[in-house]
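A.B. asks:
Numbering (our numbering), first residue to last: 3 to 446.
Following this line, the structure appears as C-alpha cells:
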C-alpha cells in the first residue's frame, strides 16, 4: 500500500491560511480601534461643546477680566463633568486666539475650547509600536443679543382691560408687535376714536370694541406669551452705600449728587431755572425735576432707592446711555424711602436714551426698570416732548398710563397693564433699541 505523499500544495495552503488570519486580525484590529477612536472623538466633541457653552454663559454678563476668568473656570469645570481629565487635556481661550483656527479669533464675547483625549491601541499593537493616539475636538461658543419679540406687552393674565385704549389715543407700531397675556374677553378694550396699528396683535383672551379700529394681524386665543425680560437680573442694594449688579460692576455706589443717605433718604430736587448735571449711582429718596430746570444725566446706572423719578413743569432732561432702576430704600421706612412712581407730567423736553448693548451688556436697551415688586405707576402726561427718548420701560407689577397729550417716544414697554387715553400717543416706527437679553449660541 502506498503512503500518501504531500506535495508542495499543502505548504502553500498553510501559508495562505496564515496570511488570511493575519489579514483578518488586522481588519478586526482596525475595526475595534476605529470604533474606540470614534467613540472617544464623540466624547471629546460633547465635552468641548458643553464646556464652550458653559463658558459662554458667563460672558452673557459682559467681557471684563473677571467675567472672562469665570468663563474659563466654567469651561474647565464642564469639561471635567463630561469625563475629561482637565490636567493638560483642555485648552480654553477667551477670546479665541489667532492660532485657534476659529472664525471668531480675537472677538470679545466668544470662547474657544479644544479637548484632546488619548485613545489606547488594542489589536493594532501587533503592527505598530505606538500605544496611543490622540483625538481632538474643538468648539466655539458666544453670546448674542436676543431681540425682544414685542414692542408693547401687558403681562397681567387675568385683568379686564389689560390694554385699554380710549378717546383719541393712538398706538402706532408698524414694525412692532403687541402681546396681551390676559385671558379675559375684554383683555383689549378699544373705544371712542382710538386706533391701534401693529405688525401683529396677539392676545390670549379677546377684544372688546370695534376691531375695525385695529390695523395689523389680530390673533386671539393665543397661548399666554412669556415675559421676555424675566431672566434679566435686578440690581441689589447690599449695604447702606453699595449696590451689587449681576456683572459685578461697582464703581458708582451712592451718587455724589444723592439728596440723602440710606438711613435718611431725601429726594434730590432740582427746580426754578437751575441747570445741573447729575452723576450715576444710588439716589436715596429718588429724583425730582420741576420749574424750568435743565438737567443732564451722565452715562451710567441710576438706582432710585425710594421716591421714584418725577419730571414736571417745564423741566427738561437729557442723557445718553442712561439706565434707571426704580426700587425702595431697605434701610428706612415710609416717605422718601418707599417705592415711588415714575411721573413725566410737564411741558419740557425729555431726551433720555437707554444704553446700547455695547455700553452696558446687562441693561443695554432698558431705560427704566421698575423693581418687580414695585406696584407704583409709570405715568406719562402733559404736553412735553419725548420724541428723542429711546429704550424699553419694564414694570412687571406696574401700570403704564399715558394720558392727556402725553406721548411715549421711541419706546417699548413691558408692564403689568397699560392704558392710553385722551390724545395720548405711542409712536415707535421700529425697535432700534434691544434690551440686553442675551442667548448662548454654539458657533462652530
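Here a beta-carbon is modelled for each residue, glycine too, at the ideal position from N, C-alpha and C.
All of these numbers come straight from a predicted model, not from anything done at the bench.
Taking the runs of the beta strand (DSSP E) that are 3 residues or longer, which of them lie wholly in the stretch 345-396?
C.D. replies: Runs found: 352-355, 368-372 and 380-382.
A.B. asks: What residue does the beta strand (DSSP E) around residue 73 start on, and which one ends it?
C.D. replies: That residue, residue 73, is in no beta strand (DSSP E); its alpha helix (DSSP H) goes 67-83.
A.B. asks: Assign residue 282 to one of two classes, buried (16 or more other C-beta atoms within 10 Å of its C-beta) or exposed (fewer than that).
C.D. replies: So residue 282 counts as buried.
A.B. asks: Whose CA, out of 324, 190, 422 and 43, lies closest to the CA of residue 360?
C.D. replies: Cα-wise, what sits closest to residue 360 is 324.
A.B. asks: Please name the residue in 331, 152 and 270 whose C-alpha comes closest to that of residue 228.
C.D. replies: Comparing Cα-Cα distances from residue 228 to each of 331, 152 and 270, the minimum goes to 152.
A.B. asks: Check the C-beta distance from residue 356 over to residue 393 and give it rounded, since I have them as a contact under 8 Å.
C.D. replies: Residue 356 to residue 393, Cβ: 3 Å. Contact.
A.B. asks: For the beta strand (DSSP E) containing residue 166, name the first residue and the last one.
C.D. replies: Counting along the chain, the beta strand (DSSP E) containing residue 166 begins and ends at 165-167.
A.B. asks: When you compare only the Cα positions, how much space is there between residue 256 and residue 239?
C.D. replies: In a straight line, the C-alpha of residue 256 is about 10 Å away from that of residue 239.
A.B. asks: Starting from residue 312, trace the beta strand (DSSP E) in both directions and tell me its first and last residue.
C.D. replies: Element bounds for residue 312: 311-313.
A.B. asks: Classify residue 441 as buried or exposed, calling it buried when 16 or more other Cβ atoms lie within 10 Å of its own Cβ.
C.D. replies: Classification for residue 441: exposed.
A.B. asks: Pull up the distance between the alpha-carbon of residue 444 and that of residue 196, whole angstroms please.
C.D. replies: Between residue 444 and residue 196, the C-alpha separation is close to 46 Å.
A.B. asks: Can you name, in chain order, every residue of its own chain whose Cβ lies under 6 Å from the Cβ of residue 73, other than the five neighbours on each side?
C.D. replies: Taken in chain order, the residues that qualify are 57, 60, 61, 96 and 113.
A.B. asks: Going by the DSSP bridge assignment, what does residue 419 pair with across the sheet?
C.D. replies: Per DSSP, 401.
A.B. asks: Can you tell me the Cβ-Cβ gap for residue 117 and residue 92, rounded? I've got them flagged as a contact below 8 Å.
C.D. replies: Between residue 92 and residue 117 the Cβ distance is about 6 Å, and since that is below 8 Å, they are a contact.
A.B. asks: What's the C-alpha gap between residue 137 and residue 43?
C.D. replies: Approximately 6 Å between the Cα atoms of the pair.
A.B. asks: Quick one, which of 351, 300 and 103 has its alpha-carbon nearest residue 315's?
C.D. replies: Closest option to residue 315, Cα to Cα, is 351.
A.B. asks: Based on Cα-Cα distance, which residue from 217, 140, 100 and 341 lies nearest to residue 47?
C.D. replies: Nearest of 217, 140, 100 and 341 to residue 47, Cα basis: 140.
A.B. asks: Can you give the Cα-Cα distance for residue 340 and residue 268, rounded to whole angstroms?
C.D. replies: Distance between the alpha carbons of residue 340 and residue 268 is about 11 Å.
A.B. asks: Grouping DSSP H, G and I as helix and E and B as strand, with all else coil, what is residue 93?
C.D. replies: Residue 93 falls in the strand class under three-state DSSP.
A.B. asks: Going by other Cβ atoms of all chains shown within 10 Å of its Cβ, with 16 needed for buried, is residue 3 buried or exposed?
C.D. replies: Only weak support is given to the placement of residue 3: the predicted model assigns it a pLDDT of 49, under 50, and the question is left unresolved by the model.
A.B. asks: How long is the line joining the alpha carbons of residue 285 and residue 271, rounded to whole angstroms?
C.D. replies: Computed Cα separation, rounded: 11 Å.
A.B. asks: Where residue 326 and residue 382 are concerned, what is the direct C-alpha to C-alpha distance, given to the nearest angstrom?
C.D. replies: Cα to Cα, residue 326 sits roughly 16 Å from residue 382.
A.B. asks: Which class does residue 226 belong to by DSSP, given the choice of helix, strand or coil?
C.D. replies: Reduced to three states, the DSSP call for residue 226 is coil.
A.B. asks: I'd like to know if residue 186 contacts chain C, where contact means its C-beta is closer than 8 Å to some C-beta of that chain.
C.D. replies: Absent from the structure is chain C; it holds one protein chain and no more.
A.B. asks: Measuring alpha carbon to alpha carbon, tell me which residue in 385, 210, 377 and 390 is nearest residue 400.
C.D. replies: Nearest C-alpha to residue 400: 377.
A.B. asks: When burial is assigned at 16 or more other CB atoms within 10 Å of the CB, is residue 166 buried or exposed?
C.D. replies: Counting Cβ neighbours within 10 Å, residue 166 comes out buried, since at least 16 surround it.
A.B. asks: Which residue's Cα is closest to the Cα of residue 291: 300, 280 and 301?
C.D. replies: Considering only alpha carbons, the answer is 280.
A.B. asks: Hey, how far is the Cα of residue 80 from the Cα of residue 49?
C.D. replies: Going by the C-alpha atoms only, they are around 7 Å apart.
A.B. asks: For residue 296, which residues in the same chain have their Cβ closer than 6 Å to its Cβ, ignoring the five residues on either side in sequence?
C.D. replies: Correct list, in chain order: 277 and 318.
A.B. asks: Could you tell me the distance, in whole angstroms, from the CA atom of residue 68 to the CA atom of residue 274?
C.D. replies: Rounded to whole angstroms, residue 68 to residue 274 spans 45 Å at the Cα level.
A.B. asks: May I have the straight-line CA-CA distance separating residue 2 from residue 369, to the nearest angstrom?
C.D. replies: In the structure displayed, the chain extends from 3 to 446; residue 2 sits before or after that span and is not available.
A.B. asks: Could you tell me the distance, in whole angstroms, from the CA atom of residue 98 to the CA atom of residue 247?
C.D. replies: The straight-line gap from Cα to Cα measures roughly 27 Å.
A.B. asks: Mind checking who residue 251 pairs with in its DSSP beta bridge?
C.D. replies: According to DSSP, which records beta bridges pairwise, residue 251 is partnered with nothing at all.
A.B. asks: Would you please state the rounded distance, in angstroms, between the beta carbons of residue 308 and residue 288? I believe it to be under 8 Å.
C.D. replies: Going by Cβ atoms, the distance from residue 308 to residue 288 rounds to 6 Å, so yes, they are a contact pair.
A.B. asks: Considering only DSSP beta bridges, list what residue 297 is partnered with.
C.D. replies: In the DSSP output, where bridge partners are listed per residue, residue 297 has 278 and 319.
A.B. asks: Please state whether DSSP places residue 61 in a helix, a strand or coil.
C.D. replies: Three-state result, residue 61: helix.
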